[in-house]
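Numbered according to UniProt numbering, the sequence shown spans residues 1 to 381. Note sheet for the following structure.
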Amino acid sequence: MVAGPLAGAMLADQGADVVHVEPPGSGDAARSMGPTKDGAPLWFKVAGRNKRSVTLDLHDEDGRAVARRLVAWADVVIVTLRAGRLREWGLDWEAVHRINPRAIMLQISGYGADSSLADAPGFGKMGEARSGVVHLTGFPDGPPVHTGFSHGDAVTGLMGAYAVLAALYRRGRTADFDGEWIDLALFEPLFRLVEWQVILHDQLGRVPERSGNQLAVAPAAVINTYQSADGQWITVTSATVRSVRNVARLLGLPEEDFATTERQLAGRALLDERLRAWVAGRTVEECLAGFAAAEVVASRVYTAADIAEDPVYRERGDIVTVPDPDLGDVRMQAAIPHFRQRPGRVWRTGPALGADNDVVYREWLGLDEEELRDLSERGVI
Numbered sequence: 001m002v003a004g005p006l007a008g009a010m011l012a013d014q015g016a017d018v019v020h021v022e023p024p025g026s027g028d029a030a031r032s033m034g035p036t037k038d039g040a041p042l043w044f045k046v047a048g049r050n051k052r053s054v055t056l057d058l059h060d061e062d063g064r065a066v067a068r069r070l071v072a073w074a075d076v077v078i079v080t081l082r083a084g085r086l087r088e089w090g091l092d093w094e095a096v097h098r099i100n101p102r103a104i105m106l107q108i109s110g111y112g113a114d115s116s117l118a119d120a121p122g123f124g125k126m127g128e129a130r131s132g133v134v135h136l137t138g139f140p141d142g143p144p145v146h147t148g149f150s151h152g153d154a155v156t157g158l159m160g161a162y163a164v165l166a167a168l169y170r171r172g173r174t175a176d177f178d179g180e181w182i183d184l185a186l187f188e189p190l191f192r193l194v195e196w197q198v199i200l201h202d203q204l205g206r207v208p209e210r211s212g213n214q215l216a217v218a219p220a221a222v223i224n225t226y227q228s229a230d231g232q233w234i235t236v237t238s239a240t241v242r243s244v245r246n247v248a249r250l251l252g253l254p255e256e257d258f259a260t261t262e263r264q265l266a267g268r269a270l271l272d273e274r275l276r277a278w279v280a281g282r283t284v285e286e287c288l289a290g291f292a293a294a295e296v297v298a299s300r301v302y303t304a305a306d307i308a309e310d311p312v313y314r315e316r317g318d319i320v321t322v323p324d325p326d327l328g329d330v331r332m333q334a335a336i337p338h339f340r341q342r343p344g345r346v347w348r349t350g351p352a353l354g355a356d357n358d359v360v361y362r363e364w365l366g367l368d369e370e371e372l373r374d375l376s377e378r379g380v381i
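Here it is in structure tokens:
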């Protein structure tokens, strides 16, 4: 529900024409997820942005025939259905490649298309748990912890978009390019990003464990969250010799006691204890001013309200205002990363269900009036 659509949205932000195919009537499941305002689903306003929405019943053979025409039109096909269903509907890699030999197919599933669990259902939290990330997240005396958003899905969407662009680059440089099948399981992107867990287990027999706010295998002398006198949380992090000595100086501790990495790591508990007391005795603004003066890297732990008011977010243009037919002007994340020469943009919020049936089916695919009328009357589109 999240990973494939996010991959498409990342590409759409940078100018790709993306057609989001949804079942007639109910539409994408994301339309009914999360909070609403005046009946409008807020999450989908972002998740579906910059895309064309078409309705298509893939349970119907005529609907699948239209889907194959979309495959023939497209440079990239993103699918998130189980392997068996794709084969049944003629939308698996072999079929896509036969229809459009130069097409790139991104297939996202719970466990990968060629595993023994290829037809098992999967969601992002399963991918997080299977990746090793959840085992590493939390404090040693507490349970494993998931992050408070669709972490596994989101990272899979991001890696999927990166993979599509890599394949498109190869296609543009290879005259005899024979298509590409990108087969991505939900647990694999996060598994790849935790670079050290496999080699540590392989070479040292170690299983990294939860260590709170510290890195599990490369602890820094200073890294934790601390609560200020006015109840705000601050993250402080210092890992280089110079930056840790700055912390010691700020706390009034002898710098020579923290002159080397070894001494700093040995004094980690003392630094943490003193920092906690130092922060607890000051307001958040006093703390941040003191850290800045001492060249200690620190940040308030931001809420959504903090982000909305932050001058750096504003200076970066990271939040944009987009007109929406249901809600009026709404604010959301800009197209990120920022391209300075040819920037991406957010030109629409998530559209109404089937809002682009006419432009996609009539103008882009060339379906005639009679075909469109017949498909519409039978509820296929």
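Glycine included, C-beta positions come from ideal geometry on N, C-alpha and C. In this text, all values refer to a predicted model and were calculated from it rather than measured experimentally.
1. Going by DSSP in three states, M105 sits in which element: helix, strand or coil?
2. Just to confirm, is the Cβ distance from G127 to L81 under 9 Å?
3. Which residues mark the beginning and the end of the alpha helix (DSSP H) in which M159 is found?
4. Tell me the DSSP secondary structure of G8 in three-state form.
5. Counting only the same chain and skipping the five closest in sequence on each side, list residues whose C-beta sits under 7 Å from that of H201.
6. Evaluate contact between the stretch 138–152 and the stretch 109–116, counting only Cβ atoms and requiring at least three cross-stretch pairs below 8 Å.
7. Name, in chain order, the residues that DSSP records as bridge partners for D329.
8. Straight-line CA distance for L271 to R31?
9. Going by DSSP in three states, D183 sits in which element: helix, strand or coil?
10. DSSP three-state label for R192, please.
11. So for W347, helix, strand or coil by DSSP?
12. Looking at C-alpha atoms only, which residue of V346, W93, S376 and L375 is the closest neighbour of G48?
13. Please report the distance separating the alpha-carbon of T36 from that of F44.
14. With DSSP as the reference, please indicate the residues paired to P121 in a beta bridge.
15. DSSP has I234 in a bridge; who is on the other side?
16. Within 10 Å of its beta-carbon, does R130 have 16 or more other beta-carbons around it, so buried, or fewer, so exposed?
17. Any contact of the stretch 371–380 with the stretch 48–60, i.e. 3+ C-beta pairs under 8 Å?
18. Pull up the distance between the alpha-carbon of M332 and that of E255, whole angstroms please.
19. How about N246 and T55: are their beta carbons less than 9 Å apart?
The relevant details are as follows:
1. Position 105 of the sequence shown, counted from the first residue, corresponds to residue 105. M105 falls in the strand class under three-state DSSP.
2. The count along the sequence shown starts at 1 and reaches residue 127 at position 127. The count along the sequence shown starts at 1 and reaches residue 81 at position 81. No.
3. If you number the sequence shown from 1, residue 159 lands on position 159. Its alpha helix (DSSP H) spans residues H151 to R173.
4. Stepping through the sequence shown from its first residue, residue 8 is reached at position 8. In this structure, G8 counts as helix in the three-state DSSP scheme.
5. Working through the sequence shown from its first residue, we reach residue 201 at position 201. So the list reads V207, once near-sequence residues are dropped.
6. no
7. Position 329 of the sequence shown, counted from the start, is the residue given in the question as residue 329. P323.
8. In the sequence shown, the residue the question calls residue 271 occupies position 271. In the sequence shown, the residue the question calls residue 31 occupies position 31. Answer to the nearest angstrom: the Cα atoms are 48 Å apart.
9. Stepping through the sequence shown from its first residue, residue 183 is reached at position 183. Strand at D183.
10. One-based indexing of the sequence shown puts residue 192 at position 192. Note: R192 maps to helix in three-state DSSP.
11. For this step, residue 347 is matched to residue 347 along the sequence shown. Coil at W347, not helix or strand.
12. Residue mapping note: residue 48 aligns to position 48 of the sequence shown, counting from 1. Of V346, W93, S376 and L375, the residue nearest in Cα terms is V346.
13. The residue given as residue 36 occupies position 36 in the sequence shown. The residue given as residue 44 occupies position 44 in the sequence shown. Taking the straight line from one Cα to the other gives about 10 Å.
14. Working through the sequence shown from its first residue, we reach residue 121 at position 121. For P121, which the question treats as bridged, DSSP gives no partner whatsoever.
15. Position 234 of the sequence shown, counted from the first residue, corresponds to residue 234. Answer is Y226 and R300, bridged to I234.
16. Translated into the one-based positions of the sequence shown, residue 130 becomes position 130. By the neighbour-count rule (16 or more Cβ atoms within 10 Å), R130 is buried.
17. yes
18. Position 332 of the sequence shown, counted from the first residue, corresponds to residue 332. Position 255 of the sequence shown, counted from the first residue, corresponds to residue 255. Roughly 45 Å separates the two Cα atoms.
19. If you number the sequence shown from 1, residue 246 lands on position 246. If you number the sequence shown from 1, residue 55 lands on position 55. Their beta carbons are not under 9 Å apart, which means N246 does not touch T55 by this criterion.
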